[in-house]
Structure formats: C-alpha cells, structure tokens
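For the record, the sequence lines run as chains E and W. Position 351 of the first sequence, counted from 1, bears residue number 515 in the working numbering, the numbering being contiguous throughout. Position 106 of the second sequence, counted from 1, bears residue number 270 in the working numbering, the numbering being contiguous throughout.
Number of protein chains: 2
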Amino acid sequence: MNAFILPVGDELLIGQVTDTNSTWIARQLNLLGINVRHAFSVGDTHEEIVKAIGYGLSQAEILIMTGGLGPTKDDITKKAIADFLGVELFFHEETWRKIRQIYERLGKTAGESSRIQCFLPQGAKILNNDVGTAPGMWFNYGQKVIISLPGVPSEMKYIMEMEALPLLQEHFPGEPIAHRTVLTAGAGETELAALLEDFENNLPESIKLAYLPAYGQVRLRLSGKGGDEKSLNAILDSKASEMEKIVSRFVFGRGEKSLESAIGEVLREHKMTIATAESCTGGLISHKLTSIPGSSDYFTGSIIAYAYEAKIKHLKVKPDTLEQFGAVSEECVREMISGILAAMDADYGISISGIAGPGGGTENKPVGTIWIAVGSKYKTVTRKIGFNRNRAINIEYASNAALAMMWNLLKEELRPK
Amino acid sequence: MNAFILPVGDELLIGQVTDTNSTWIARQLNLLGINVRHAFSVGDTHEEIVKAIGYGLSQAEILIMTGGLGPTKDDITKKAIADFLGVELFFHEETWRKIRQIYERLGKTAGESSRIQCFLPQGAKILNNDVGTAPGMWFNYGQKVIISLPGVPSEMKYIMEMEALPLLQEHFPGEPIAHRTVLTAGAGETELAALLEDFENNLPESIKLAYLPAYGQVRLRLSGKGGDEKSLNAILDSKASEMEKIVSRFVFGRGEKSLESAIGEVLREHKMTIATAESCTGGLISHKLTSIPGSSDYFTGSIIAYAYEAKIKHLKVKPDTLEQFGAVSEECVREMISGILAAMDADYGISISGIAGPGGGTENKPVGTIWIAVGSKYKTVTRKIGFNRNRAINIEYASNAALAMMWNLLKEELRPK
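Take a look at the structure:
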C-alpha cells in the first residue's frame, strides 16, 4: 500500500516554513505498514494543485494533502479538490455552527471570512477537528482515497490521530509491521553502537535496528516486517528486552515517552518533589518538566537566576564563591542545589550554569562550558559538559544532559523499575 | 526560471528525518529570482530516482538533488544520474586524493568503502566540498541543469553557497522576486484578514499576500514578481507600509525577527531589564526571552512558582488573595508582578497563572483559563485568555500572548520605532 503526501503552500516553496508535517505523517503511515512514495510540495496555484492531485493519485492509493484550508484567499485546496473530482462546493452547516461556537467562547462573533471555511467539496466525509476551525476531509476516488488536512501541525496531528489513521487502518489492512523503541539518555550514538555491535550483527533479516539521536538522547528502534503478527511481536519483544539489557545503564523507558515524563512518574510514585535552579538554560528544564500533564503533583517551582544578584538572593550562592570560582563552576552549581532545595522545599533539585554563547566565553571557559548538578538531601552529583554548536543547541543539549543525570540519581536512590 | 528540488533518501519517506535542506535551498533560490516549483522526496530505489530525475527535468530548468552520495549501500544517486544521462561512472582521482588527505589528518587510513565515493558520472563538473568527503556535481542536460549535493546539511550549504549559487546566477540571470514580511502578534488570521480585506482586494496582480499563523502570531507576507527590480522593491515597500498601518496595533516588526528578540532590542536600547513570574507556562516565557543571544544584558531572572508556598514566599502573593480569589485570578497575577519586579530587581515583569490542563479545571475556571499580567513600576495591564486545545498548545499560546502584551506595554512606555 502506497501513500503520496502533498503539502500545499507557497511558504514551503519559498523556504519560509519547513515541512515537518510530512515527516510526522510519513512516520505514522509507516507504523501502519503504508509506504510513503513521495512527499511533494506544491504552491498556492489552482492549476498546479489540481495537476499534483492527479499525479499523486497516479503514483499511490492514498493521497494526503496538508494546508490551504484556512479562511484567507491563498487557501485554495478545497476548490482544487472539487475541480479535480468534478464536483461543486456546498455550505456545511455543522462546520459553521462549530466555528460560531468557538468564536462565542472567545466572546467574539464569527465574521464573513469564517464562512469561507464552511464551503466543502461535495462527497467529503468530514474528519472532525476539535482543536481548530478547519475540518479535515476524506474523499473516495474509485478504490483510492484523498485526505485533506489543515496545515497547522497541531490540527493536522489531531485529525490524523483521532480520525484519519483509524479509518485508513480499516480501509487498507496491511502486511504487519511492528516497532519497539528503547529510549536512552546519556550516551552517544557511537558509544551505543559499539555496545550493540554483536547484537545488531545477529539480528534476523526481517528485523532492523535504527539509531535516532536527538541532543543527548538516542532512541533505539527495532522494526520488524512480515510473517504473522503474533510471532512478529514475540520476536520483537524478545529482541527489545535483549537490547535493553545490553545498554541498561542508559535506558529510561520504552516507546514514545520523554525523559521528563519518566522522571515525573518516579517522583509521583514516591511522593517526592523536584525544583530547578537554572542560569544558562533559562527555564527550559523547568518548561520540560512542566510540559507533562499533572506535573504540579511533584514540581514545586524554579528559580531562573541570570544576574549574580539573583543567584545570591534567591539561591544563597555565596558572593565569595562567585568571586573566587565564577558563576560557571562546580562550586556554584553545588551551592545552587542546596539553595533550590531550600527555596522551593523540594526533595530533588537540578542546577545548571554555563556559557550558552555566542558571547561570554573566555579562554579558560569557552562558549559551551556548562556545569550541571543534580542533588537530593543525601547526595549531589556534578558534571561539566563542554561542547559548542550554537546557543539553541547548547541549551537543548544541556537540558537533556541535566535530565539524564537526574534520572540516574533517581534510579540510584529510588530504584524505579 | 524554475527549479525542482529532489531530496533522495528512505529516511525522509519513513519520517525519520525532516527535510530541512529543501527549505533552505528554496529560500536561497528564491532570493536569486528562481521559483521552486516542487520539492519531491524519493526513496533509495534506483528506478524511482531515475524516474524522478526525468519528471523533475520535465517541470523545471534546474534540478537540485540532495543526498545519496555517501559511501554506504543505500547511496545510489550517482548511478541513477549516470543511467539517466546514459553515461558511465569514472574514478575521480582528485576526490580520492582529497579523501585520503582528510583521513590522514584524522590519523586514519581511507578504506575501500571510501573509494566508492570517488566514482562519478561522466560529464560531471565538480563542485568543491571543503567540509566533507562527497563532492557536489553539476551536469548540463541540454539547456537544463542537474545539481547533485550531499544530504548532510552543513556540506550541502557549503557547496551551494561557495559553488552552486554563484554558478546558477551566472547561468540563469533571472526575473526578480521579492518579499516583505510584516510580523504581528495578538490577533488571529481571521481578524487580520477582515482588517486587510480592502487592501488585499486592491493589490496589483503581481503581488500576493499570504498569512502564516503560529500560536497567536501571524506573519503577513507580501510577495511580488516580475518587472524591473527597482520598481518591484518600490511597490513592495509602499504596500508593506500601507499594510503595516492598517494593522499597526498588532505589528512588532519586519522580516524574520521573533517577538522575544523585538522585546530584547527595545529593552537593551533603553537599558531596561525584564523578569518573569510564571506558573502554568512553567518557564517557557523565560526560555524564549533567554533564547536570544546577549539576553543577559536585560534579563535578570524568573521565578517559576507552581506551589502556593512558592508564590507566597518568593513572589509575596498574599495568602488571603490565594484563598479568596485562587491562584488563577487577576488579583494573583497583579501581586505576582509587584513580587517579581522586587525579587529580580527588574524594570518590567510578566506574570502568568492559569490552568494548562488537561486536569485542574473547575466549572468557573475551565481548563484553558489563564490570567496574564505585564507591568512596570508605572502600570500593570492584565488579561484573561480562555481557550483550550491541549496542554502544549495552551502553554505555547499563553506565552506568546504574554509576550505580545509585553510588547504593547513597551510600545506605550518606551515608544520603540
């Protein structure tokens, strides 16, 4: 079974926006055993879109379009689909009712331009969009299928997950494909690959191992294909466990879980709390921890202390320490740990201070030098990392390194499964 | 002049890697007045690549391929180009010499697999790659051109900038294209479209307006094409100014600037400082502000106060206020402003408290209810937002709304241009 992804929008072709939708869609389809043959961006021109729809359907059974469904003039996907299918647009009352409701909740009135969103090609099966105004649509075209989705990633994902993927699975039951993902933090791809060399060489033909690195975390994904579903799952389970054992000291979970949610689960289970004291990461660790629903159960707060005064006043870092060793020092992050545990009345703390760049580096402490500490009332562990890519990556990488250290401390002290 | 971008690689079609190369290439070509008609991903299959080359060249004068030039088995772009052109591969001594040099510098010896990289299709004009082992290539195909580049973004960019773009400019002196982007925050796409309806209807044929929304911010992009460059730029400048006036109360800048960097510029210019007091956004506003290089000039710190105790202790919110009105209340965010200005010794403050969900909602304060305040020692402005998508979007949206409010307060008090 093949799919063709067709993102619509000039913004893609002039390079203003990167098409992350196609990546996400391809991954989901792949999990259903649907091959993506092409992703193919097309601009906001009626004839081009109509032509691309035809080309896509000549190449694949499933055509997934994103974008061009909004209320403005450059949103012309619906007209293109209608013309391709040779049907008219009709006014969909239910969509109009929903849009008015959304506006009412915001204390506003839906205007004329919102009505444009309610004209849909005849034959459309509506795919509910509960997170935005533009509905998704499903069209049967002979034995083939056209799916049209909004370009806003959150809305596209919602409709895919809740509506389109289940329908596709029903419509095109495929050859079984299955995956197991083991999540690791604190080791690089090369280090893991060395540990897993024998394991990988001994994998059966039908199973592949992929390394998916992202800023200090690596997902190890085993993918298997073919045969009957039951034995495919059995062998994947056994191989995933085997692999997990080999790299166990870096593993923090399975599937799509994040390190911050793994940390949250352990803290909740043990009724423990956490807080962060951040300098160079500027709140990113705190943001990651609180991005998990229900994190208020275990997250008490953070102090982001950029200025020296803030470090002294709120984290009780000694002025002497700052003078003698500087803010980017093991001594400073150690004091930040005691400071944050007291300030936020927390059981566990993360502290971090470094030079994210591009400015601020010195000969002894070049850009990228970052000190991290994680601690409880029993123990504080520190580590210096020192690699410099650019500010955004340094911040992201340091945040993940800090969370990996926190995970290891929790493993040691609380022994999560 | 049209270009067709053809990224090669299974990793794109299974959704493992997002194709950022095409975005970057499209932006560069666009600046040269070359239209990108399609970006079209193809997997690592010989016949598919050959077919895609033919399709691309039927649609555009310039075909730019990325990926598939490495030393491993799945890197088959060169063979596909050779077969498409009907030529043989030859061993390129100069590339082999370069690869051996690179290995020697690393204290290693280049192996057999590296030799594979040195077989190039006949007729290739070499595009030097000084940052990696795989050279770029340029092929003339009648009046058309095929450019093949490595998939590693840094290598691709190097070769494009140093070699391919100058050659393209020489080869195809093009029709001018230009853009003006006006950045807005605080208004939705529909609201802006209503304000800009007349303006948009009166735009000349050669100029298009596109709305690019993202969580409470909308970029308004005017694109113009054709004619002579000088008059094209003149009309775009005039139309952009006209548009800016119509939606002026939402405008925070031009081009690719972020709201947080616009805020930073004004603060730096006036030697003012900022701090945030965050509850539901958990540090995201702080992270955004500190993602800007040099933000330590004006950002002093933040207090992320999830727990009631943290709000009382560090932000001096009165226990009475929390009891009587709750943490998600105008009264609370007002007190958080005075609290954070004092705690972090800042001139400007942002405070935020709300229910990001999915849990924690009540009948009076459903999930999505978020109070925001922005203030200085002269003035505090508050606003309640109340829309619920999901936790991540609520947090992102609220952070942007808070930054938009901050921008408006700065406009009022500091009058940035």
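Ideal Cβ positions, reconstructed from N, Cα and C, are used throughout, including at glycine. What you are looking at is a predicted structure, and each value in this text was computed from that prediction instead of being measured.
For residue i, which three-state DSSP category applies?
i: residue 500 of chain W; result: helix
i: residue 547 of chain W; result: strand
i: residue 345 of chain W; result: strand
i: residue 411 of chain E; result: coil
i: residue 437 of chain E; result: coil
i: residue 121 of chain E; result: For residue 121 of chain E there is no data in the structure shown, the boundaries of chain E being 165 and 581.
i: residue 462 of chain E; result: coil
i: residue 519 of chain E; result: coil
i: residue 374 of chain W; result: strand
i: residue 227 of chain E; result: strand
i: residue 330 of chain E; result: helix
i: residue 308 of chain W; result: strand
i: residue 181 of chain E; result: coil
i: residue 267 of chain E; result: helix
Which chain W residues sit within Cβ distance under 8 Å of residue i?
i: residue 183 of chain E; result: 182, 183, 186, 187, 203
i: residue 478 of chain E; result: 465, 467, 478, 507
Could you give the residue range of the beta strand (DSSP E) that holds residue i?
i: residue 417 of chain E; result: 415-418
i: residue 381 of chain W; result: 381-389
i: residue 539 of chain E; result: 533-539
i: residue 289 of chain E; result: 289-291
i: residue 305 of chain E; result: 300-305
i: residue 253 of chain E; result: 253-255
i: residue 363 of chain W; result: It is not in any beta strand (DSSP E) - residue 363 of chain W instead sits in the alpha helix (DSSP H) that spans 361-365.
i: residue 449 of chain W; result: Note, residue 449 of chain W: premise wrong, no beta strand (DSSP E); alpha helix (DSSP H) at 448-454.
Output the distance between the C-alpha atoms of residue i and residue j, rounded to the nearest integer angstrom.
i: residue 451 of chain E; j: residue 200 of chain W; result: 38 Å
i: residue 514 of chain W; j: residue 562 of chain W; result: 12 Å
i: residue 306 of chain W; j: residue 253 of chain W; result: 20 Å
i: residue 335 of chain E; j: residue 304 of chain E; result: 11 Å
i: residue 211 of chain W; j: residue 244 of chain W; result: 8 Å
i: residue 297 of chain E; j: residue 308 of chain E; result: 27 Å
i: residue 382 of chain E; j: residue 510 of chain W; result: 40 Å
i: residue 285 of chain E; j: residue 203 of chain W; result: 27 Å
i: residue 319 of chain W; j: residue 490 of chain E; result: 38 Å
i: residue 371 of chain E; j: residue 404 of chain E; result: 11 Å
i: residue 352 of chain E; j: residue 423 of chain E; result: 16 Å
i: residue 433 of chain W; j: residue 521 of chain E; result: 21 Å
i: residue 359 of chain E; j: residue 386 of chain E; result: 16 Å
i: residue 426 of chain E; j: residue 420 of chain E; result: 11 Å
i: residue 315 of chain E; j: residue 236 of chain E; result: 13 Å
i: residue 138 of chain W; j: residue 468 of chain W; result: No statement about residue 138 of chain W is possible, as the shown extent of chain W runs from 165 to 581 and does not include it.
i: residue 384 of chain W; j: residue 365 of chain W; result: 15 Å
i: residue 278 of chain W; j: residue 344 of chain E; result: 33 Å
i: residue 473 of chain E; j: residue 508 of chain W; result: 8 Å
i: residue 487 of chain E; j: residue 321 of chain E; result: 51 Å
i: residue 523 of chain E; j: residue 559 of chain W; result: 29 Å
i: residue 332 of chain E; j: residue 466 of chain W; result: 47 Å
So the alpha helix (DSSP H) residue i belongs to, where does it begin and stop?
i: residue 185 of chain W; result: 184-195
i: residue 563 of chain W; result: 555-578
i: residue 320 of chain E; result: 317-323
i: residue 248 of chain E; result: 241-249
i: residue 475 of chain E; result: 472-479
i: residue 176 of chain W; result: 174-177
Using a C-beta to C-beta distance shorter than 9 Å, which residues of chain W count as neighbours of residue i?
i: residue 174 of chain E; result: 372, 374, 385, 387
i: residue 200 of chain E; result: 176, 177, 178, 179, 205, 207
i: residue 382 of chain E; result: Those within 9 Å of residue 382 of chain E in chain W number zero; the least Cβ separation is about 13 Å.
i: residue 300 of chain E; result: Those do not exist, as residue 300 of chain E stays about 16 Å from chain W at its closest Cβ, beyond 9 Å.
Applying a beta-carbon distance threshold of less than 7 Å, which residues of chain E neighbour residue i?
i: residue 464 of chain W; result: 470, 471, 474
i: residue 194 of chain W; result: 178, 179
i: residue 451 of chain W; result: 446, 447, 448, 451
Taking Cβ-Cβ distances shorter than 9 Å, what residues in chain E pair up with residue i?
i: residue 229 of chain W; result: The contacting residues do not exist; residue 229 of chain W stays about 14 Å from chain E at best.
i: residue 297 of chain W; result: Residues of chain E passing the Cβ test: none, with the nearest at roughly 18 Å.
i: residue 210 of chain W; result: None at all; the shortest Cβ gap to chain E is about 15 Å.
Starting from the beta carbon of residue i, find every residue of chain W whose beta carbon is closer than 7 Å, and list them in chain order.
i: residue 523 of chain E; result: 457, 458
Who are the neighbours of residue i on chain E, taking C-beta pairs under 8 Å?
i: residue 508 of chain W; result: 471, 474
- Message: Using 8 Å as the cut-off, can you tell me whether the segment 178-185 of chain W makes contact with the segment 172-187 of chain E, which would need three or more C-beta pairs spanning the two stretches below that distance?
- Response: yes
- Query: Does the segment 521-532 of chain W come within contact of the segment 414-421 of chain W, defined as at least 3 CB pairs closer than 8 Å?
  - Reply: no
- Query: Taking three-plus beta-carbon pairs below 8 Å as touching, is the segment 452-462 of chain W in contact with the segment 445-461 of chain E?
  - Reply: yes
- At least three beta-carbon pairs within less than 8 Å, the segment 531-544 of chain W to the segment 494-506 of chain W: yes
- Inter-stretch contact at 8 Å, needing at least 3 Cβ pairs: the segment 390-402 of chain W / the segment 566-580 of chain W: no
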